[in-house]
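Numbering (the working numbering), first residue to last: 706 to 787.
Glycine included, C-beta positions come from ideal geometry on N, C-alpha and C.
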Amino acid sequence: MPLHRYVPVHSPCKLCGDGFEHAATAGAASLAECPRCGQPVQRAAAESVHALKLSARSTVSRAKDAGFALLKRTSDGHFEKQ
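Below, the structure written as C-alpha coordinates:
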(Lines of atoms letter the chains of each structure in order from A; the text may use other names.)
(Lines give C-alpha, C1' and ligand atoms only; values in the text may rest on other atoms or scores of the structure.)
Protein backbone atom coordinates (compact mmCIF):
# COMPACT_ATOMS: atom_id res chain seq x y z
CA MET A 706 0.00 0.00 0.00
CA PRO A 707 1.37 3.41 -0.90
CA LEU A 708 1.92 5.92 1.88
CA HIS A 709 0.69 9.47 1.16
CA ARG A 710 1.45 12.65 3.09
CA TYR A 711 -1.41 15.07 3.77
CA VAL A 712 -1.15 18.65 5.06
CA PRO A 713 -3.91 20.92 6.46
CA VAL A 714 -5.26 23.50 4.00
CA HIS A 715 -5.31 26.19 6.68
CA SER A 716 -2.90 26.84 9.56
CA PRO A 717 -1.32 23.85 11.34
CA CYS A 718 -3.82 21.84 13.36
CA LYS A 719 -3.42 21.32 17.12
CA LEU A 720 -4.14 17.59 16.70
CA CYS A 721 -2.37 16.85 13.41
CA GLY A 722 0.42 19.42 13.48
CA ASP A 723 1.97 20.05 10.07
CA GLY A 724 0.34 16.99 8.56
CA PHE A 725 0.09 13.22 8.69
CA GLU A 726 0.75 10.13 6.60
CA HIS A 727 -2.03 7.85 5.41
CA ALA A 728 -1.74 4.40 3.84
CA ALA A 729 -4.25 3.86 1.07
CA THR A 730 -4.84 1.13 -1.47
CA ALA A 731 -3.69 1.76 -5.02
CA GLY A 732 -6.26 3.79 -6.93
CA ALA A 733 -8.11 4.98 -3.81
CA ALA A 734 -9.40 8.56 -3.79
CA SER A 735 -7.43 11.19 -1.90
CA LEU A 736 -8.66 12.26 1.52
CA ALA A 737 -10.64 15.51 1.61
CA GLU A 738 -10.61 15.92 5.38
CA CYS A 739 -8.52 14.78 8.32
CA PRO A 740 -9.81 11.57 9.94
CA ARG A 741 -8.99 12.97 13.43
CA CYS A 742 -10.25 16.55 13.41
CA GLY A 743 -12.26 16.88 10.18
CA GLN A 744 -10.24 19.88 8.94
CA PRO A 745 -9.81 20.02 5.13
CA VAL A 746 -6.49 18.56 3.93
CA GLN A 747 -4.66 18.27 0.64
CA ARG A 748 -2.17 15.71 -0.50
CA ALA A 749 1.41 17.00 -0.36
CA ALA A 750 3.71 16.67 -3.35
CA ALA A 751 6.13 13.76 -3.17
CA GLU A 752 9.60 14.71 -2.01
CA SER A 753 12.46 13.81 -4.28
CA VAL A 754 15.02 11.31 -3.11
CA HIS A 755 18.68 12.04 -3.67
CA ALA A 756 21.03 9.08 -3.75
CA LEU A 757 24.75 9.43 -3.79
CA LYS A 758 26.47 7.97 -6.81
CA LEU A 759 29.82 6.28 -6.67
CA SER A 760 32.27 8.26 -8.75
CA ALA A 761 34.89 5.55 -8.96
CA ARG A 762 34.47 1.93 -9.90
CA SER A 763 35.13 -0.67 -7.19
CA THR A 764 38.17 -2.83 -7.79
CA VAL A 765 39.86 -5.71 -5.99
CA SER A 766 42.86 -3.59 -5.07
CA ARG A 767 40.62 -0.85 -3.58
CA ALA A 768 38.77 -3.45 -1.53
CA LYS A 769 42.08 -4.81 -0.18
CA ASP A 770 43.29 -1.27 0.61
CA ALA A 771 40.06 -0.59 2.50
CA GLY A 772 40.64 -3.66 4.69
CA PHE A 773 38.06 -6.03 3.22
CA ALA A 774 38.87 -9.74 3.14
CA LEU A 775 38.58 -11.17 -0.36
CA LEU A 776 37.19 -14.68 -0.57
CA LYS A 777 37.50 -17.27 -3.28
CA ARG A 778 35.28 -20.33 -3.67
CA THR A 779 37.11 -23.65 -3.63
CA SER A 780 36.15 -26.70 -5.65
CA ASP A 781 34.35 -28.26 -2.64
CA GLY A 782 32.06 -25.21 -2.26
CA HIS A 783 33.78 -23.57 0.72
CA PHE A 784 35.37 -20.13 0.77
CA GLU A 785 38.93 -19.25 1.67
CA LYS A 786 40.77 -15.95 1.96
CA GLN A 787 42.86 -14.91 -1.00
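V746 and C739 have their C-alpha atoms some 6 Å from each other. A distance below 6 Å between beta-carbons, with the five flanking residues on each side excluded, links V712 to the following residues of its chain, in chain order: G724 and A749. DSSP places A728 inside the beta strand (DSSP E), whose first and last residues are F725 to A728. Taking the Cα positions, H755 is about 20 Å away from P707.
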